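Q:
Chains as they are written, first to last, in full-length UniProt numbering: chain A, 1 to 787; chain B, 1 to 161; chain C, 1 to 261; chain D, 1 to 176.
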């Protein structure tokens with residue numbers, strides 16, 4: 001049993017108290033005296049030329065401070081992209097400018113054209129209606145394959161085509177893969193779409209810009225997963241503000257799921273306008289605005305081919321993917337279909353030859369970027385769907401086919417450039433079959449049949465690369481920044497501790513779990529430890545929270561900083577105890593001389609550090625504060641087996657999820673309660689994607705699913721109770737905590753499991769249906785059954 | 001501008017509002033009770049649920065003027081008199097029924113309304129009652145569990161843990 | 001939203017008078033109107049709240065045994081009533097609990113959203129819509145998507161429902177909005193069966209007369225076997241084609257008949 | 001939304017053609033049209049108020065007549081900006097066939113909306129557009145023939161105006 005409050009204990013979350021009493025401080029709760037309100041006027045056409053903007057009537061309306069257009073941003077940089085992809089011919093990707101406000105052309109519904117700033121939001125909206133904007137509509141570019149045809153309308157006139165890049169991975173394997181597929185005993189082919197999604201954190205984005213002219217200091221309060229990254233991108237690339245004059249604060253943030261990683265135009269705007277107007281400027285997104293201005297997720301169209309020998313041994317895998325970038329490159333967009341997708345195509349299997357081709361395409365739609373899982377769900381979905389289809393075609397049980405091809409020896413170098421350090425895929429599969437009562441499924445299916453329903457069971461096994469960091473690796477892969485994490489541990493004189501981390505918590509409970517780690521290491525009560533995050537003025541440089549990296553990278557930095565603290569404290573203790581430093585042991589918050597009962601309490605040591613009357617000043621500086629930057633050697637590789645049991649109503653096509661079991665290997669666990677919560681949330685998003693969520697445009701590029709009236713969010717009655725397990729543990733070999741990350745797993749493993757389950761149900765019901773594109777909404781399932 | 005007077009969390013308050021002022025704006029902007037959140041504009045997400053005269057309503061879809069003379073309760077008024085968490089709030093913490101916390105005020109207010117109507121709801125009844133409250137973080141598992149626990153039911157048999 | 005003058009009369013007469021002004025609009029529970037106004041898709045100059053009109057609230061039975069529901073009665077109150085079980089069951093699944101505490105029967109009927117639940121109950125029950133000036137039979141009241149027989153400024157004060165021998169409402173929900181993708185209300189009276197469909201047609205709520213004839217002769221799901229509904233004129237959107245909606249009409253009608261009590 | 005239909009109008013083809021170019025006929029035919037100015041050659045400017053359920057939007061825009069092939073075919077297109085609501089645009093390809101002194105009017109209508117109307121109202125756009133198209137050609141027909149017998153047009157708001165223009169006002173006007 002873990003000790004109460006230490007690593008492994010399901011400690012209740014300390015942040016809950018403020019959230020449960022209405023005392024959370026979210027960005028929209030921040031109001032600065034004298035603030036003005038910004039209202040963004042956005043394009044309602046997908047593609048068009050801006051002929052003129054007449055703001056004269058609007059400028060004169062009550063309360064209006066100023067109407068901003070692209071003209072006001074001459075000399076200001078575009079919103080930058082943080083990742084460069086080199087195509088398969090060695091050329092750099094095409095990278096269009098992404099202006100803060102549209103320059104000359106609008107390129108998606110929602111593209112900001114002008115901003116009205118006024119004393120109240122309603123005044124700004126009134127004036128916005130008085131703007132006279134003349135736009136000539138152009139043919140929109142929507143279908144990715146059409147967009148690449150010769151003579152297609154271009155989204156960006158200054159680029160040579162709508163192709164961002166044509167990426168091959170691993171290019172050297174291309175011919176060998178083609179040969180292997182040609183000569184194989186059997187090839188299973190599947191064409192599928194990974195549907196476009198909207199992340200929809202429940203808190204819409206907000207930005208409040210403030211400017212202090214007395215010392216030329218800017219402050220931006222924003223709903224961000226990584227305030228330091230925003231400071232870097234906005235300060236250095238957009239507005240030209242040196243970092244020491246720019247503070248970015250991300251206070252309580254109401255969920256992110258990827259959509260709050262990126263630097264957005266609205267953040268740059270509010271920061272810029274606050275200085276221009278010499279008053280604070282606030283922008284709060286409405287939900288309908290969020291649908292057309294938050295980066296979207298997924299949107300891949302793929303053809304995948306899996307070649308096997310007669311025993312079902314995987315010989316080669318080839319994929320051809322079109323990935324939608326939208327109208328501009330969002331911060332990490334180019335990396336999603338490439339390095340976060342292509343590198344995962346081996347999955348859990350020993351397939352020796354893999355070739356991944358990805359064509360990233362510009363279209364007149366909202367930019368697409370990482371959404372929970374980012375690239376890895378797309379990889380897992382294709383692979384686990386094609387494996388399932390292959391099992392049916394080969395007449396091999398889907399569990400058995402997977403087992404025949406599992407990687408069993410570690411470390412394992414895949415043919416797609418990554419090395420899995422640990423894992424035990426049979427163990428998670430065993431756990432899944434046990435917990436989901438797989439053996440009893442046939443009896444349950446028979447029972448459903450009696451009631452006129454079709455029951456199905458679907459399995460998926462996933463692998464993901466988490467702990468997004470290794471700077472030398474991601475640098476080779478095109479990242480324009482290092483992705484280490486930092487932590488400062490500041491021990492106060494009386495022994496309490498503030499840990500400043502560059503990770504950000506927006507639901508993940510870092511304030512609790514990070515404190516558990518430090519508490520365990522030092523042996524003092526967790527209530528003595530505060531975790532401080534989300535403010536560039538308080539924490540050292542940080543890279544933020546995404547890619548399930550917080551504990552594996554940010555937590556490791558904190559461990560390293562705490563180790564430095566302990567080392568120094570031991571020196572002080574050795575002095576106080578008049579013992580050799582090597583003899584000092586730290587246990588339960590006290591320093592003891594090994595083999596004696598001589599001891600000094602943590603608080604006495606920390607006091608000595610700050611009240612150095614009896615202190616080896618010649619050997620050590622006073623004070624007890626240490627910073628560490630941690631850059632891991634590799635990604636971490638969580639994996640797991642997921643099982644979904646569904647019932648299909650053959651009369652209506654309605655799918656009901658009866659049960660969902662997740663058996664994960666996350667390595668070591670710091671707080672199992674939080675880990676389970678992360679999996680639950682991921683499952684809901686994955687099930688949502690597979691069953692009801694869909695971001696849809698019409699043939700004019702109008703956003704049809706632009707509110708909760710048409711974008712189906714999973715509700716409580718759409719979901720069952722989940723069964724989750726994380727008892728299969730193969731600790732990560734290269735970080736001090738042995739942790740792997742758990743934030744995205746649920747969203748990665750669940751879509752293929754659900755689709756496999758529905759296909760299973762339909763086939764058991766005698767329907768010759770081999771694939772349905774997500775979401776498996778009632779009408780689509782019914783249509784598939786009746787086609 | 002109209003003058004409105006109402007009792008909010010037991011205290012009488014009044015203010016001048018425009019016709020169009022929503023109850024959610026009055027609470028957040030005038031009274032600085034920012035625990036009531038606004039997460040959508042189509043009355044679907046439920047982050048803004050408060051109680052008006054004992055009934056749950058979406059504060060973003062009710063005019064402040066319509067609440068004139070009413071008894072309003074918000075998340076800020078849900079803790080016990082001594083400041084400790086109420087049974088429902090405590091159950092949310094105990095069962096990890098919240099993550100980012102943004103939907104949480106609405107969830108707690110809806111849960112309170114449910115338990116008043118139906119002191120021992122089944123899992124299905126809880127899920128049905130939460131139809132107008134969207135959570136993007138928890139997958140609802142632990143919210144449902146928390147509400148059932150708050151009703152005094154034994155939730156130890158519910159999967160996971 | 002645009003600003004407006006807010007008035008809250010205490011009587012039907014005062015409300016009618018207040019609605020005489022230019023661009024005046026009645027406000028029931030506001031569960032549709034307020035979100036619309038927030039989007040600036042409507043901008044009345046005067047909003048006449050009906051919530052203060054007590055004479056429009058409440059539920060009782062008249063001499064003919066009809067259930068009389070005041071136009072300002074909330075969905076929650078109808079759900080709790082129970083004297084017309086199928087109607088209460090239907091009301092208990094409109095929107096969500098918070099919406100049901102504000103939304104009113106009069107507001108829903110005046111709006112006549114093509115996917116709203118209430119119109120199907122009113123039409124299938126052969127209810128009478130009473131306004132400040134007249135009584136309108138259900139068959140005359142609904143005039144296509146969002147269109148009704150109401151004149152400008154006319155207020156629904158009461159709806160009178162004959163209580164059928166058996167009735168049931170089946171709603172197949174649109175997964176996002178939770179409105180009816182297809183909703184079917186079946187009501188069996190001594191002199192025949194009425195079937196009203198919501199959610200499906202571009203014309204709004206309608207009676208499925210073939211099913212009514214078949215079910216009047218034989219009130220069982222089997223009576224529908226030989227019938228089919230055409231997808232022509234049915235709503236086709238992200239959530240279902242016209243053909244799918246047409247198919248659901250038959251399935252849901254059968255289920256409503258099976259469940260009718 | 002796309003819709004193809006035809007209707008037989010009890011008037012000679014030349015008169016129907018003339019009516020299609022007439023500003024007042026167009027004004028009366030376009031549902032909710034409040035103002036119409038301009039000419040067939042230069043194009044028309046129009047103000048149209050549309051109400052769908054709780055939504056009420058005023059569209060300001062242009063109506064143009066193109067591809068004119070007298071007296072056989074033309075394209076009527078219109079587009080309007082509805083402020084916060086977004087925009088609407090539509091067109092009808094009209095073909096006139098002579099049928100023993102009557103005229104068969106064939107039309108292929110296309111309608112599109114953008115902005116909030118599309119974002120929030122996708123489920124009702126098609127149905128509404130069809131209704132508008134139908135109403136346009138019904139109003140047009142009535143301008144030539146007088147109102148259909150069965151039911152009075154509930155949508156015509158101004159009583160006085162309709163009184164004057166009863167019984168195929170355009171036909172009477174051009175024949176007098």
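C-beta: ideal position from N, C-alpha, C; glycine also. Computed from a predicted structure; not experimentally measured.
Measuring alpha carbon to alpha carbon, tell me which of B:13, B:4, B:48 ends up nearest residue 132 (chain B).
A: Residue 132 (chain B) has its Cα closest to that of B:48, out of B:13, B:4, B:48.
Q: Name, going along the chain, the residues of the segment 689-701 of chain A whose beta-carbon falls closer than 8 Å to a beta-carbon of chain D.
A: Cβ contacts with chain D: 698, 700.
Q: Just mark residue 155 (chain D) as buried or exposed, buried being the case when its beta carbon has 16 or more other beta carbons within 10 Å.
A: Low local confidence applies: a pLDDT of 46 at residue 155 (chain D) is under 50, so the model's placement there is unreliable, with the coordinate-based value given in what follows. Its Cβ having fewer than 16 others within 10 Å, residue 155 (chain D) is exposed.
Q: Beta-carbon separation of residue 246 (chain A) and residue 76 (chain A) under 9 Å?
A: No, Cβ-Cβ distance for residue 246 (chain A) and residue 76 (chain A) is not below 9 Å.
Q: To the nearest angstrom, how far is it from the Cα of residue 152 (chain D) to the Cα of residue 139 (chain D)?
A: Confidence in residue 152 (chain D) is poor, its pLDDT being 48 and thus under 50, which makes the residue's placement too unreliable to answer from.
Q: Are there three or more Cβ pairs, one per stretch, closer than 8 Å when the segment 708-716 of chain A is compared with the segment 315-325 of chain A?
A: Counting Cβ pairs under 8 Å, fewer than three are found: no touch.
Q: Counting only beta-carbon separations shorter than 9 Å, does residue 51 (chain C) have a partner in chain B?
A: Chain B, which has a Cβ nearer than 9 Å to the Cβ of residue 51 (chain C), makes this yes.
Q: From residue 85 (chain B) to residue 17 (chain A), what does the alpha carbon distance come to, in whole angstroms?
A: Cα to Cα, the separation comes out at about 8 Å.
Q: Counting only C-beta atoms, is residue 125 (chain A) closer than 9 Å to chain D at any point?
A: Cβ-Cβ to chain D under 9 Å: yes for residue 125 (chain A).
Q: Residues of chain C with CB closer than 8 Å to the CB of residue 705 (chain A), please, in chain order.
A: Those within 8 Å of residue 705 (chain A) in chain C are 176, 238.
Q: At least one CB of chain C closer than 9 Å to the CB of residue 288 (chain A): is that the case?
A: Yes, residue 288 (chain A) counts as interfacial toward chain C.
Q: Residues of chain C with CB closer than 7 Å to the CB of residue 709 (chain A), please, in chain order.
A: Within chain C, the residues near residue 709 (chain A) are 176, 177.
Q: Please check the pair residue 536 (chain A) and residue 228 (chain A), which I expect to be a contact at CB under 8 Å, by giving their CB distance rounded to whole angstroms.
A: Correct: roughly 5 Å between the Cβ atoms.
Q: Let me know if residue 3 (chain B) comes out buried or exposed under the rule of 16 or more other beta-carbons within 10 Å of its beta-carbon.
A: Classification for residue 3 (chain B): exposed.
Q: I need the DSSP call for residue 155 (chain D), collapsed to helix, strand or coil.
A: Bear in mind that a pLDDT of 46 at residue 155 (chain D), under 50, signals an unreliable position, so the number given afterwards is only what the model happens to contain. DSSP places residue 155 (chain D) in coil when its eight states are reduced to three.
Q: Beta carbon of residue 117 (chain A), beta carbon of residue 73 (chain A): below 9 Å?
A: Not in contact: residue 117 (chain A) and residue 73 (chain A) (Cβ atoms no closer than 9 Å).
Q: Kindly indicate which three-state DSSP category residue 27 (chain A) falls into: helix, strand or coil?
A: Here residue 27 (chain A) sits in helix by DSSP.
Q: Using CA coordinates, which residue listed in A:694, A:491, A:471, A:464 is at the minimum distance from residue 667 (chain A)?
A: Looking at the Cα atoms, A:464 is the closest of the given residues.
Q: Which residue wins for smallest C-alpha separation from residue 5 (chain B), given the options B:116, B:95, B:29, B:70?
A: Minimum Cα distance to residue 5 (chain B) is reached at B:70.
Q: Could you list which residues in chain C have their beta carbon closer than 9 Å to that of residue 136 (chain D), in chain order?
A: None at all; the shortest Cβ gap to chain C is about 16 Å.
Q: To test your reading of the DSSP string, which unbroken alpha helix (DSSP H) runs of 4 or more residues are found completely within the segment 77-145 of chain D?
A: With a minimum length of 4 residues, the continuous alpha helix (DSSP H) runs that stay inside the segment 77-145 of chain D are 116-145.
Q: Just reading off the beta strand (DSSP E) that residue 514 (chain A) is part of, what are its end residues?
A: Looking at the DSSP string, residue 514 (chain A) is not in any beta strand (DSSP E); the run it does join, the alpha helix (DSSP H), is 510-522.
Q: Let me know if residue 170 (chain D) comes out buried or exposed under the rule of 16 or more other beta-carbons within 10 Å of its beta-carbon.
A: Classification for residue 170 (chain D): buried.
Q: Going by C-alpha to C-alpha distance, which of A:728, A:209, A:201 sits closest to residue 286 (chain A)?
A: For residue 286 (chain A), the nearest C-alpha among the options comes from A:201.
Q: Do the CB positions of residue 202 (chain C) and residue 252 (chain C) come within less than 9 Å of each other?
A: Not in contact: residue 202 (chain C) and residue 252 (chain C) (Cβ atoms no closer than 9 Å).
Q: Reducing DSSP to helix, strand and coil, say where residue 77 (chain A) ends up.
A: Coil, per DSSP.
Q: Could you pull out every unbroken alpha helix (DSSP H) segment of at least 4 residues lying fully inside the segment 688-776 of chain A, listed in chain order?
A: Qualifying alpha helix (DSSP H) stretches, in chain order: 745-764.
Q: Can you confirm whether residue 365 (chain A), when its beta carbon is compared against all beta carbons of chain C, has any partner nearer than 9 Å?
A: Chain C contact via Cβ: absent.
Q: Do we get a CB-CB distance below 9 Å when we pair residue 438 (chain A) with the residues of chain B?
A: Cβ-Cβ to chain B under 9 Å: no for residue 438 (chain A).
Q: Exposed or buried, residue 100 (chain B), counting other C-beta atoms within 10 Å across all chains shown (16 or more means buried)?
A: Residue 100 (chain B) comes out buried.
Q: Does the CB of residue 57 (chain C) have a neighbour CB from chain B at under 9 Å?
A: No - not a single Cβ of chain B is within 9 Å of the one on residue 57 (chain C).
Q: In angstroms, rounded to a whole number, what distance separates the CA positions of residue 405 (chain A) and residue 351 (chain A)?
A: When rounded, the distance between both Cα atoms is 8 Å.
Q: Show which residues of chain A have a CB atom less than 7 Å away from the CB atom of residue 229 (chain D).
A: What the structure shows of chain D is the stretch from 1 to 176, and residue 229 (chain D) is not part of that stretch, so it cannot be assessed.
Q: Starting from residue 122 (chain D), find everything on chain A with Cβ-Cβ shorter than 7 Å and list it in chain order.
A: Under the 7 Å cutoff, chain A gives 704, 710.
Q: Taking only beta-carbon atoms, is residue 78 (chain B) less than 9 Å away from chain A?
A: It does: the Cβ of residue 78 (chain B) has a partner Cβ on chain A nearer than 9 Å.
Q: Ordered along the chain, which non-local residues of its own chain (more than five positions away) have a Cβ less than 7 Å from that of residue 130 (chain D)?
A: So the qualifying residues of the chain are 1, 3.
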